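K.L.:
Handing you a structure now.
Numbering (the numbering used here), first residue to last: 31 to 183.
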């Protein structure tokens, strides 16, 4: 859903539609969900005040209203209804959000995400078949995971 604002900015007259990510059975639609982390750094002077701020940002309608600015969804469904309820383009996202899953937490997670994002371009530019490109990415990620495991020992 974060690309809607980019479309409005760079090509407001674009005629486009929004649909579900296909599933094998044509039902049980889902999506990836991600987000931001609010952390309290080690050594902060006022841990209690920091914690109160984090709680406020995560549990209050006011704190979650920042999501409208960032084009993200809140953890609170009622906030999403308030900030996106008048935008029918968001309906499909709000519908699948409860079924969303976070991407796997792995040692090379950022690398995996970056490599998978490049894959369609590699295939379209004839730098390999889909299988070849994905096999190469798999090898690259597995090698990186192995390196990270060795560094941890």
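Glycine included, C-beta positions come from ideal geometry on N, C-alpha and C.
The structure displayed is predicted, hence computed values, not measured ones.
1. Under 8 Å, with one C-beta from each stretch per pair, do the stretch 116-125 and the stretch 151-168 reach the 3-pair mark?
2. Quick one: complete alpha helix (DSSP H) runs, 4+ long, within the stretch 70-123?
3. In this structure, how does DSSP classify residue 63 when only helix, strand and coil are distinguished?
4. Confirm, please, whether the CB-CB distance from residue 138 to residue 175 is below 8 Å.
5. What does the Cβ neighbour count give for residue 97, buried or exposed, with the cut at 16 atoms within 10 Å?
6. Quick check: what's the CA-CA separation for residue 89 versus residue 106?
7. DSSP beta-bridge partners for residue 131?
8. Ignore the nearest five residues each way along the sequence and tell me which others in residue 74's own chain have a CB closer than 7 Å to its CB.
9. Between which two residues does the alpha helix (DSSP H) containing residue 168 stretch?
P.N.:
Once the coordinates are examined:
1. Touching, no.
2. Counting whole runs of 4 or more residues, the stretch 70-123 contains the alpha helix (DSSP H) stretches 77-89, 91-94, 96-100, 107-114.
3. Of the three classes helix, strand and coil, the one that applies to residue 63 here is strand, per DSSP.
4. Going by beta carbons, residue 175 and residue 138 fall inside the 8 Å limit.
5. Counting the other CB atoms within 10 Å of its CB gives residue 97 a total of 16 or more, which places it among the buried residues.
6. Residue 89 and residue 106: Cα-Cα distance of roughly 8 Å.
7. Residue pairing of residue 131 in beta bridges, as defined by DSSP: 62.
8. Annotation for residue 74: 80 place their beta carbon closer than 7 Å to its own, counting only its chain and skipping 5 residues before and after.
9. Residue 168 -> alpha helix (DSSP H) spans 160-182.
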